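Residue numbers (full-length UniProt numbering): 1 to 210.
Backbone N, C-alpha and C fix where the C-beta goes; we use that ideal spot for every residue, glycine too.
Bear in mind that the values here come from a model prediction, so they are computed numbers and not experimental data.
Written out below as structure tokens is the structure these notes cover.
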């Protein structure tokens, strides 16, 4: 919807201002009671208080009546790994009983487990699970997501993760900013050759993702 009017919102939470806030200032959300928001050509063009006249002709806009609802900016999640294979729910009980992350990794859990499952998953399988996770985030009000790779730790799987995020950015309403994180951990095949693994990421992977 490039042209949109959302009117009669009980509250419009503007969060206006560019400087970071601290302490009590964080409670100042610049809320407009009974406000209206106008989106023109895909951008917010006007935020109106109750009773202010519309500066545009409704005929060229999709109109949504938000009576009884609050309108606020979408949340941004700046650090996620949402494209991966498998789950590690069995490790929760291990953590609860006090096992360290390194102990879990040494028995094949942690990122080792997820890397194995992500390598085995097809691109379409990762696309589908990534889509479902984005759907869940969108329902919670998250509209922009930073997504990291880093669960492949080899050339083919890292590129597979990045391709999936690019496809999801095109297909899903959420905005996705993808990040290459190829040195997230040292995979088993590079154990004892950590410096060479870093060189591999710099010399071979960086040109592919630049």
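DSSP state of residue i, grouped into three classes?
| i | result |
| --- | --- |
| residue 18 | coil |
| residue 134 | helix |
| residue 52 | coil |
| residue 175 | strand |
| residue 3 | coil |
| residue 10 | strand |
By the DSSP assignment, the alpha helix (DSSP H) with residue i in it spans what residues?
| i | result |
| --- | --- |
| residue 160 | 155 to 171 |
| residue 91 | 90 to 96 |
| residue 25 | Premise fails: residue 25 is in no alpha helix (DSSP H) and is neither H nor E. |
If I follow the unbroken beta strand (DSSP E) through residue i, where does it start and stop?
| i | result |
| --- | --- |
| residue 48 | 43 to 48 |
| residue 112 | From DSSP, residue 112 is part of no beta strand (DSSP E) but of the alpha helix (DSSP H) over 111 to 120. |
Are the CB atoms of residue i and residue j nearer to each other than 8 Å?
| i | j | result |
| --- | --- | --- |
| residue 191 | residue 81 | no |
| residue 40 | residue 56 | yes |
| residue 10 | residue 42 | no |
| residue 74 | residue 143 | yes |
| residue 76 | residue 37 | no |
| residue 4 | residue 87 | no |
Using CA coordinates, which residue listed in the options is at the minimum distance from residue i?
| i | options | result |
| --- | --- | --- |
| residue 120 | 143, 106 and 151 | 151 |
| residue 157 | 186, 103, 132 and 84 | 84 |
| residue 203 | 5, 51, 91 and 183 | 183 |
| residue 15 | 29, 3, 4 and 67 | 29 |
| residue 139 | 172, 54, 17 and 105 | 172 |
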